[in-house]
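S.K.: Take this structure, written in structure tokens, and hold onto it; I'll ask about it next.
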Amino acid sequence: MRIIKSINYMQNMALTQRASGRSIGLVPTMGYFHEGHLSLMRKSVEENDITIVSLFVNPIQFGPSEDFDIYPRDLERDQKLASREGVDIMFCPTEQDMYPEDFKTSVNVEKITEKLCGASRPGHFTGVLTVVSKLFNIIQPHRAYFGEKDAQQLLVIKQMVRDLNFPIQVVPCPIQREEDGLAVSSRNVNLTPEQREAAPALYKALAKAKEEIEKGEKNAGEIKNLIEEEINKEPLFELEYVEILDKTELEKVSTIEGKILIALAARLGEVRLIDNISLEV
Ligand code: AMP
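Just so you know, numbering that gives the first Met the number 0 puts 215 at position 216 of the sequence shown, and the rest follows in order with no gaps.
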């Protein structure tokens, strides 16, 4: 596996590979790899001739009081893990090269970025879309892999790809979980043992909601109450939102039918966790 830092070098190499007829899969990440990242890499390695994993902790998608400084980083460990999965190139640009002093552009998608995580993290999705656009232009992959763990991000990126005609197939990948149901996340290492023990309550609440819906409950308000009650039983949680939405426009629904997304965010101390489930009723 090669490590490439230079944007120009990466762009030229990707263009050469593409011109010689090889398919390119891109897995954008912020590093500190876990099973979620590795599952995306595996899928890309399976489906493409060349897999490029980008590793860049993108400063512009973090708010001023967010965890950019304590975001976990371990390049050496990440290199070993990616290499073991058969990744061909790890692209690790510097902040200075990605955002030189005279950088002036941003990419935004309207409406669907204003709710859920967008409401509590103003500017977050603009930061994500700007960096993903840059990565798409630098690497020009045939396919790009994103996790359903970040359901809103996935939807927003799909929208951007459609709206701006990026000739790229966005490939959604299922949420990877720990044995106790907690969605794996780089941020989980920042949980104290007590918080870590409490954390699976998020998924348990979602699973309970799913069970009730499968038994026939169609009232979104009832399901939302049930999830909130379950999470609030655990005093360490500070619940940010629980929403039941239609999966395409992210509009709140009152009746559960069709393609539904139940998404939530909660804090355990300094750590912000998100989770979701999708259902088709
Ligand atoms: P991150 O490094 O957190 O920006 O994540 C990079 C990619 O991995 C994103 O597409 C995430 O949605 C995906 N990802 C993160 N956690 C998980 C997970 N538990 N299951 C599946 N994909 C994930």
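Glycine included, C-beta positions come from ideal geometry on N, C-alpha and C. Treat the numbers as computed from the prediction; the structure is a model and nothing was measured.
#1: What is the DSSP secondary structure of residue 91, counted as helix, strand or coil?
#2: When you compare each of 10, 65 and 20 to residue 92 by their alpha carbons, which one comes out closest?
#3: Tell whether a beta-carbon distance below 9 angstroms holds between residue 32 and residue 80.
#4: For the alpha helix (DSSP H) containing residue 267, list its first residue and its last residue.
#5: Start and end of the beta strand (DSSP E) containing residue 10?
#6: Smallest Cα separation from residue 160: which of 175, 129 and 178?
#7: Give the single residue among 111, 46 and 242 whose Cα lies nearest to the Cα of residue 124.
#8: Anyone know if the C-beta pair for residue 177 and residue 187 falls short of 9 angstroms?
#9: Quick one: is residue 290 buried, meaning 16 or more other Cβ sit within 10 Å of its Cβ, or exposed?
#10: Output needed for residue 206: all residues of its chain with C-beta closer than 8 angstroms, excluding positions within five of it in sequence on either side, in chain order.
#11: Using alpha carbons as the reference points, say which of 246, 262, 174 and 1 lies closest to residue 279.
#12: List the DSSP bridge partners of residue 104.
#13: Any idea what DSSP makes of residue 130, helix, strand or coil?
#14: Please report the straight-line C-alpha distance between residue 292 and residue 8, rounded to a whole angstrom.
#15: Give me the Cα-Cα distance between residue 6 and residue 25, rounded to the nearest whole angstrom.
#16: For chain E, find out if any of its Cβ atoms is closer than 9 angstroms to the Cβ of residue 134; answer yes or no.
#17: Just checking, does the region 82-97 make contact with the region 35-52 on the three C-beta pairs under 8 angstroms criterion?
#18: Compute the distance between the beta-carbons of residue 212 and residue 222, then report whether it is under 9 angstroms.
#19: For the alpha helix (DSSP H) containing residue 202, name the first residue and the last one.
#20: For residue 193 and residue 134, I'd like the C-alpha separation in whole angstroms.
#21: In terms of alpha-carbon separation, which member of 175, 16 and 105 lies closest to residue 59?
#22: Within the continuous alpha helix (DSSP H) that includes residue 76, where are the two ends?
#23: So, for residue 22: in the same chain, excluding its five sequence neighbours on each side, which residues have a beta-carbon less than 8 angstroms away from its beta-carbon?
#24: Considering only the alpha carbon of each residue, which of 272, 273, 3 and 274 lies closest to residue 137?
#25: Could you give the distance in angstroms between the alpha-carbon of residue 72 and the alpha-carbon of residue 214?
#26: What are the partner residues of residue 143, as DSSP defines its beta bridges?
#27: From the DSSP output, in three-state form, read off residue 53 for me.
#28: Taking residue 114 as the reference, give the member of 270, 171 and 249 with the closest Cα.
M.R.: So, from the data block:
#1: Your numbering for residue 91 matches position 92 in the sequence shown. Three-state result, residue 91: coil.
#2: Counting from one through the sequence shown, the residue named residue 92 turns up at place 93. Residue 92 has its Cα closest to that of 10, out of 10, 65 and 20.
#3: Locating residue 32 in the sequence shown gives position 33, where the first residue counts as 1. Locating residue 80 in the sequence shown gives position 81, where the first residue counts as 1. A contact, by the Cβ cut-off of 9 angstroms.
#4: As a first step, residue 267 is located in the sequence shown; it is residue number 268 there, counting from the start. Segment 258-267 is the beta strand (DSSP E) holding residue 267; no alpha helix (DSSP H) there.
#5: Along the sequence shown, one-based indexing puts residue 10 at 11. In this chain, residue 10 is not harboured by any beta strand (DSSP E); it is covered by the alpha helix (DSSP H) spanning 6-18.
#6: As a working note, residue 160 is residue 161 in the sequence shown. Per the Cα distances, 129.
#7: Taking the first residue of the sequence shown as 1, we reach residue 124 at position 125. The residue with the shortest Cα to Cα distance from residue 124 is 111.
#8: On the sequence shown, residue 177 is found 178 positions in, with the first residue counted as 1. On the sequence shown, residue 187 is found 188 positions in, with the first residue counted as 1. Yes; because the gap between Cβ atoms is below 9 angstroms, this pair is in contact.
#9: Since the first residue shown for the chain is 0 and the last is 280, residue 290 is missing from the structure and cannot be characterised.
#10: Looking up residue 206 in the sequence shown gives position 207. The residues are 180 and 276.
#11: Residue mapping note: residue 279 aligns to position 280 of the sequence shown, counting from 1. The residue with the shortest Cα to Cα distance from residue 279 is 246.
#12: Residue mapping note: residue 104 aligns to position 105 of the sequence shown, counting from 1. The partner list for residue 104 (beta bridge, DSSP) is empty, contrary to what the question assumes.
#13: Within the sequence shown, residue 130 is the residue found at index 131, counting from 1. The answer is helix: DSSP assigns residue 130 an H, G or I state.
#14: Since the first residue of the chain shown is 0 and the last is 280, residue 292 is not available in this structure.
#15: In the sequence shown, residue 6 corresponds to position 7, counting from 1. In the sequence shown, residue 25 corresponds to position 26, counting from 1. Within the model, the alpha-carbon separation for residue 6 versus residue 25 is close to 15 angstroms.
#16: Among the chains of the structure shown, chain E does not appear; only one protein chain is present.
#17: The region 82-97 vs the region 35-52: in contact.
#18: Within the sequence shown, numbered from 1, the residue matching residue 212 stands at position 213. Within the sequence shown, numbered from 1, the residue matching residue 222 stands at position 223. Cβ atoms of residue 212 and residue 222: closer than 9 angstroms.
#19: Start at 1 with the first residue of the sequence shown, and residue 202 comes out as number 203. Secondary structure note for residue 202: its alpha helix (DSSP H) is the uninterrupted segment 200-213.
#20: Here the question's residue 193 lines up with position 194 in the sequence shown. Here the question's residue 134 lines up with position 135 in the sequence shown. Using only the alpha carbons, I get a separation of about 38 angstroms.
#21: Along the sequence shown, one-based indexing puts residue 59 at 60. Taking only the C-alpha atoms, the option nearest residue 59 is 105.
#22: Locating residue 76 in the sequence shown gives position 77, counting from the first residue. Unbroken alpha helix (DSSP H) run through residue 76: 74-83.
#23: One-based indexing of the sequence shown puts residue 22 at position 23. Excluding sequence neighbours, residue 22 sits near 46, 47, 48, 49, 141 and 142.
#24: As a first step, residue 137 is located in the sequence shown; it is residue number 138 there, counting from the start. Here the closest residue by C-alpha is 3.
#25: Here the question's residue 72 lines up with position 73 in the sequence shown. Here the question's residue 214 lines up with position 215 in the sequence shown. The straight-line gap from Cα to Cα measures roughly 43 angstroms.
#26: In the sequence shown, the residue the question calls residue 143 occupies position 144. Looking at the DSSP output, residue 143 bridges to 25 and 169.
#27: Along the sequence shown, one-based indexing puts residue 53 at 54. Strand, per DSSP.
#28: Here residue 114 corresponds to residue number 115 of the sequence shown, with the count starting at 1. Across the set 270, 171 and 249, the C-alpha of 249 shows the shortest separation from the C-alpha of residue 114.
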